[in-house]
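Okay, so here's the structure we're looking at.
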Amino acid sequence: MIAVLETVALERRFGGLVATSKVGLRLERGARHALIGPNGAGKTTLINLLTGVLAPSGGRILLEGADITAVRADRRVRLGLVRTFQINQLFAEFTVIETVALAVARRHGRDGGFWRRLAGDRAVITESVAILERFGLADAMAARVGTLPYGRQRLLEIATAVACGPRVLLLDEPAAGVPEAERDGILAGVAALPEDVTVLLIEHDMDLVFRFATRISVLVNGAILTEGTPAEIAADPRVRAVYLGGAHD
Amino acid sequence: MSDPTVRGVDLLHDEAAAALSARTRWRWPEFAFWAAAAASFFLLPDQYLLLNEAAIIGLFALSLDLVLGYAGIISLGHAAFFGAGAYTAGILAKAGYGDPLLGLAAAAVVAGGLGFITSFLVLRGSDLTRLMVTLSVSLVLYELANRLVWLTGGADGLQGMVVAPLLGWLEFDIFGRVAYGYSLAVLFVLFLVARRVMGAPFGLSVRAVKGNALRAAAIGVPVNARLVAIYSFAACYAGVAGGLLAETTQFVSLDVIAFHRSADVMLTLVLGGVGYLYGGLIGALVFKLAQGWLSDLTPEYWQFWIGLVFVLLVVAGRERVFAWPLRLFGRGRR
């Protein structure tokens, strides 16, 4: 199988603290991969390294075989590596449609146009509307993002990433802060992505992880402890020990 | 999640297009504003000099609005570009290239180039470092203009500008009739361009950078390239404003690049409100009228009264006092 996203001995130190320690992660094309680990395991740091928000202290990141370790964050997005944030990062003053349409226009290379307006851009509108419908946000398209309730902002957070046309989508705790009843809706739009899109899910909600993922990596103290199918991970005593604190033995 | 009918999809498309154009739709107060501006040209001949200055300062403040209101870059040295434009037009006119439009084009190019070069200094850092960097750049340019006496006339100012008739046949008159018509026309055209550009995807992406630079990068917007572009674009505008002042007053002194210009334009913009393009224009008009009125009342102490008005405005809350123009010109949509 082809590795779409791969890290080689990826490392990040903050002073004396090793937040990411020799991480070798392999995501195969079309994988539904989850990354779990206790609080402080370095999951978000790893996402920040993968997306270029942080520079690694050592190691390499390969996207479809090409070394992107030194590539700028916005260029990685254009190469198809897209993320969502654990804490919503939205444009509070924008309307919902503006947010998604800007992301779609960006993918078509039309986000820098000086003259032609998005309102007259049929292709961008068609795609934006389709994405909003998929995430159940079409009725709120004219609403200001800052006025949306939290659960819908969470949906927009993911819809915006999907609008970027990801080939690899990194979801950083998409269900964080979302009430139990609304969690299924969060991943419904992601499940509808084409099969060759690779998804890496970082999540605390184990129900969600085991329902979604076909492969799971466990991160502990910045290093990959083990990797396997959900059944293997669920049965692994080491995972139970570190992740569940032995409480379920 | 059933298949929507074709008609339903069309309706959604129309709704999306309408929502996307809500920000760029012309509102009646805008028509009223420009109609009043055009009327002033015919109805207020004895106010030409004051109105000319208001139009120029308005264009200058519009330029700062692009930087501060749209891109969120705070600048306390915007006079650097105004001054660069004024000296460019002035020096050209002195050297025999007195065509006003040529002067403005050159002012835009020189100021824009200066903006491009110095934009890299404001890319990084906090508001405070940006404040210091923009201030420092303008101070350096001030000293350069002061020292290069052979080029700028130094402290005596640039003497001997000969500005040719506008379009080859409209002589600048002592009443400021042609001057005001010229400045107003340039302001109007550049306003239309700014309005169009800020309503286009470029403007949207600049506002995205201001709103959340982290997310803007995460959807693939090249953050630094946008900041460089908007800063240079705004510098062109400031340069044209400076060029207009030089041509319509036929004189350039160190005053065009002095610190108080940068401070005044900031006050002017804040007075009218940031981020909706009209703030600078309204602020400039109010500022100039207040200045004229107060200096008639108390020629020696007018700056004291202007200062007092500003302090009261800040204490009372600018948003409350100037809530009506913001609402009228559609800032509520922002």
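In order, the protein sequence lines correspond to chains A and B.
Using this note's numbering, the first residue of the first sequence is number 1, and each one after it goes up by one.
Using this note's numbering, the first residue of the second sequence is number 1001, and each one after it goes up by one.
Every residue gets a Cβ at the ideal spot worked out from N, C-alpha and C, and that includes glycine.
Task: Straight-line gap, B/W1305 to B/L1294 (C-alpha atoms, nearest Å) - done: 7 angstroms
Open item on the list: Out of A/R152, A/L201, A/R12 and A/G52, which one is the CA nearest neighbour of A/E173?
Closed with: A/L201
Open item on the list: Using the three-state DSSP reduction, which class does B/R1334 fall into: helix, strand or coil?
Closed with: For B/R1334, the pLDDT reaches just 40, beneath the cut-off of 50, and the residue's location in the model is therefore unreliable, although a value from the coordinates is still provided. Note: B/R1334 maps to coil in three-state DSSP.
- [ ] Ignore the nearest five residues each way along the sequence and tell me which others in B/D1296's own chain have a CB closer than 8 angstroms to its CB.
- [x] none
Task: First and last residue of the uninterrupted alpha helix (DSSP H) at A/I61 - done: That residue, A/I61, is in no alpha helix (DSSP H); its beta strand (DSSP E) goes G58 to L63.
Task: Where B/G1096 sits in the DSSP three-state scheme - done: coil
- [ ] Report the neighbours of A/G112 on chain B: residues whose CB is nearer than 7 angstroms to its CB, in chain order.
- [x] P1201, F1202 and S1205
Task: Residues near A/L81 in its chain [Cβ-Cβ closer than 8 angstroms; skip 5 each side] - done: L5, L50, T51, L63, I68, P166, R167, V168 and L170
Open item on the list: Run through chain B and tell me which residues come within less than 8 angstroms of A/V77, C-beta to C-beta.
Closed with: A1217, A1218, I1219 and G1220
Task: Three-state class that DSSP yields for A/A19 in the structure shown - done: strand
TODO: Kindly say whether A/E127, judged by its beta-carbon, lies nearer than 8 angstroms to any beta-carbon of chain B.
DONE: no
- [ ] Note down, in chain order, all residues in the region 1018 to 1034 of chain B with a beta-carbon under 9 angstroms from any beta-carbon belonging to chain A.
- [x] A1018, A1019, L1020, S1021, A1022, R1023 and T1024
Open item on the list: Please confirm whether A/E141 has its beta-carbon closer than 8 angstroms to some beta-carbon of chain B.
Closed with: Looking at the sequence itself, residue 141 of chain A is Met, so the reference to Glu does not match. A/M141 counts as touching chain B.
TODO: Taking only beta-carbon positions, decide if B/R1196 is within less than 8 angstroms of chain A.
DONE: yes
Task: Alpha carbon of B/A1035 to alpha carbon of A/E182, nearest angstrom - done: 52 angstroms
Open item on the list: Which residue marks the beginning of the beta strand (DSSP E) containing A/H265, and which one marks its end?
Closed with: Residue 265 of chain A lies beyond the range of chain A shown here (1 to 249); nothing can be said about it.
Task: Contacting residues, own chain, Cβ-Cβ under 7 angstroms from A/V178 (five flanking each side not counted) - done: G151, R154 and I186
Task: the region 1237 to 1259 of chain B: positions lying closer than 7 angstroms to chain A by Cβ - done: none
Open item on the list: Looking at chain A, is there any beta carbon in it that lies within less than 8 angstroms of the beta carbon of B/L1135?
Closed with: no
Task: Within-8 angstroms CB hit, B/A1234 to chain A - done: no
- [ ] Select from B/F1041, B/L1062, B/Q1291 and B/T1248 the residue whose C-alpha is nearest the C-alpha of B/A1079.
- [x] B/L1062
TODO: Note the first and the last residue of the continuous alpha helix (DSSP H) segment covering B/A1164.
DONE: That residue, B/A1164, is in no alpha helix (DSSP H); it is neither H nor E in DSSP.
- [ ] Give me whichever residues DSSP pairs with B/S1063 in a beta bridge.
- [x] Partner(s): none; B/S1063 has no beta bridge.
TODO: Could you tell me whether the Cβ of A/V71 comes closer than 8 angstroms to any Cβ of chain B?
DONE: no
Task: Chain-ordered neighbours of B/V1228 on chain A, where CB pairs are closer than 7 angstroms - done: Going along chain A, no residue has its Cβ under 7 angstroms from B/V1228, so there is no contact; the nearest lies around 12 angstroms.
Open item on the list: Would you call the region 1235 to 1248 of chain B in contact with the region 1126 to 1140 of chain B, where contact means no fewer than 3 C-beta pairs closer than 8 angstroms?
Closed with: no
Task: alpha helix (DSSP H) segment containing A/D184, residue limits - done: R183 to A191
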